[in-house]
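Colleague: For the sequence shown, position 151 (counting from the first letter as 1) is numbered 146 according to the numbering used here, and the numbering increases by one without interruption. The structure's right below; bear with me while I get my questions together.
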Amino acid sequence: MKKIIFLLAISIGLISCEKESFEPIENNTNLESTTKEDIFVFKDWEEFRDLYDKFSSLDTEELQAVSFFTYDKNPNMSWAFQGILNKDNQFIVADKTIWVDNGKFYELDGHKALAEQKSNKNLLKQVGSVSQAPIASSSQGNLAKTVAISNQHQFRKQKYIENCGAGITQGPSPRAFKYVHEAFAETISYGSPLYRQYLYRLSLRVKLEYNHRGNSWRASGEGRDIEIRLTNNSFLTNHLGQNLNTGGGSTVIRNITFSNSCHSDKQQLLSSINAAGPIPNSFWSVNVSGTVTEKMFGDVESNRWKDTINW
């Protein structure tokens, strides 16, 4: 039986060369997560939550090294949650196999044929869900109509040096590129109906994409200079405008300072709330200001983009 122990505290230190500072996440920094037969195994839902939070602060290269994350997975889920799901969209909690389909968590019976169970979802026990959460911004009229706030900048690459300056130098590209800076919100619930826990997460994603054809954009893997200087005062609210961060749940709000000379797509957790039950009619009121600056490694200085964010 294949069994791998990921010691994340050690692994992250080995594969990361970044310099960053932010308000820490309150969880177990010595977390051990297990994969067995190419599936993540958690002793309980709290361990699942801890790994989800760990993955929420990793960039794409780090996620690919310690998780099941790939770029071709569901774009309507966070990178962190994608990293937990294996190729069959499954993970194990307390010896129960959880299958995720259309955003719903189903508990599978290991003694019955999987194909038969999956074809009769209405007979399965639902033990949670994952969904994109509404986002609003005061700079955009404070209307919770979207699931992401995105700043984008399109450009033509003139030069790129592979391997962070140690490889081949590429010339101009016939394809257009664009930097994408976005806020992304996700809500996860888990557990029995009477004691269901809710995780509300708001994240920053810093991405590079290229125009594959027409208006079809794909993730691009070129390294680049990235600098992030953001102040974050976002909060979960409702239709009455009440700040729900001060409720009974566990709350984390983080400012972000990050700088790296050759980096890939980056994600950072901005705000999170753990609640012992649903928060009706809630959405994220995004209040983030500062700058995100990017330049593809080796490219001309005129292609450096300093994005002034006022969400």
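Note that CB positions come from ideal geometry on N, CA and C, so glycine has one too. Since we're looking at a predicted model, the values are computed, not measured.
Whether or not the stretch 119 to 131 and the stretch 172 to 185 are in contact is what I'm after, with contact meaning three or more pairs of Cβ atoms, one per stretch, closer than 8 Å; do they touch?
Modeller: Taking 8 Å as the limit for Cβ pairs, the verdict is that the stretch 119 to 131 does touch the stretch 172 to 185.
Colleague: For the alpha helix (DSSP H) holding residue 45, just list the boundary residues, first then last.
Modeller: Residue 45 -> alpha helix (DSSP H) spans 40 to 50.
Colleague: Out of curiosity, what's the CA-to-CA distance linking residue 108 and residue 257?
Modeller: Using only the alpha carbons, I get a separation of about 48 Å.
Colleague: Can you list, in chain order, the residues of its chain whose CB lies under 8 Å from that of residue 159, leaving out five sequence neighbours each side?
Modeller: Closer than 8 Å at Cβ, skipping near neighbours: 218, 256, 257, 292.
Colleague: Under the criterion of a Cβ to heavy atom distance below 7 Å, does residue 126 qualify as lining the ligand COA?
Modeller: In terms of ligand content, the structure shown is empty, and the ligand COA therefore cannot be addressed.
Colleague: Who are the near neighbours of residue 91 in its chain, counting only those whose CB is closer than 7 Å to its CB and skipping five residues on each side?
Modeller: Closer than 7 Å at the Cβ level, and outside the excluded window around residue 91, lie 102.
Colleague: Under a three-way DSSP split, which group does residue 55 fall into?
Modeller: Residue 55: helix per DSSP, three-state reduction.
Colleague: Looking only at its chain, what residues have a beta carbon closer than 6 Å to the beta carbon of residue 266, apart from the 5 residues adjacent to it on each side?
Modeller: Answer for residue 266: 197, 229, 248, listed in chain order.
Colleague: Quick check on the DSSP output: what are the complete alpha helix (DSSP H) runs of length 4 or more inside the stretch 58 to 83, in order along the chain?
Modeller: Qualifying alpha helix (DSSP H) stretches, in chain order: 74 to 79.
Colleague: Between which residues of its own chain and residue 133 is the CB-CB distance below 7 Å, once the five residues before and five after are set aside?
Modeller: Excluding sequence neighbours, residue 133 sits near 282.
Colleague: Helix, strand or coil for residue 296, going by three-state DSSP, please let me know.
Modeller: Correct three-state label for residue 296: helix.
Colleague: Should residue 316 be labelled buried (16 or more other beta-carbon atoms within 10 Å of its own) or exposed?
Modeller: Past the boundaries of the shown model lies residue 316; the chain is included only from -4 to 306, so the question cannot be answered.
Colleague: Three-state secondary structure (DSSP) at residue 110?
Modeller: Correct three-state label for residue 110: helix.
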